[in-house]
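K.L.:
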Amino acid sequence: ESLDPKSFHADITYVIIEPFLSVENDFSFREGFIMDTYFTIKNISQSDQKAFGLDTAVTVVEYVPLVINQKAEIPLKRKQPI
469 ESLDPKSFHA DITYVIIEPF LSVENDFSFR EGFIMDTYFT IKNISQSDQK
519 AFGLDTAVTV VEYVPLVINQ KAEIPLKRKQ PI
């Protein structure tokens, strides 16, 4: 394969890790407001992919749950089999 700059194809994949707010968080009103404001601004602003000028063909976006204040107890109920 030629190393001509016009025909050179690299085997590179860029992975962008995009956090989202998990439902397992337990926030006060103030903390919840701050986090909601942060994610609203983040959704309005330019994406990381566009900011770095990455091509969509070599970019993968992975979404990771963001847990800051985990709830003490998650209410789970077991259902009886029918």
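The opening residue of the sequence shown carries number 469 in the numbering used here; numbering runs sequentially from there.
For glycine and all other residues, C-beta sits at the position ideal for the given N, C-alpha and C.
What are the boundary residues of the beta strand (DSSP E) that F488 is part of?
P.N.:
It spans 482 to 489 - the beta strand (DSSP E) in which F488 sits, taken as one unbroken run.
K.L.:
When DSSP builds the beta bridges, which residues end up paired with Y531?
P.N.:
Its beta-bridge partners are E486.
K.L.:
Identify the residues that DSSP records as bridge partners of N493: which are they?
P.N.:
According to DSSP, N493 bridges with Q538.
K.L.:
Measuring CA to CA, which of V491, I512, S496, E499 is closest to V532?
P.N.:
Among V491, I512, S496, E499, the Cα nearest to that of V532 belongs to V491.
K.L.:
My guess is that I562 and Q517 are in contact by the Cβ rule of under 8 angstroms, so how many angstroms apart are they, rounded?
P.N.:
Only positions 469 to 550 of the chain appear in the structure, and residue 562 is not among them; the question remains open.
K.L.:
So what does DSSP say about I502, is it helix, strand or coil?
P.N.:
Helix, per DSSP.
K.L.:
Looking at the unbroken alpha helix (DSSP H) that takes in Q517, where does it start and where does it end?
P.N.:
Its alpha helix (DSSP H) spans residues 516 to 519.
K.L.:
Give every residue of the same chain whose Cβ lies closer than 6 angstroms to the Cβ of I536, excluding the five residues on either side of it in the sequence, and list them in chain order.
P.N.:
Cβ neighbours of I536 beyond the five flanking positions: N493.
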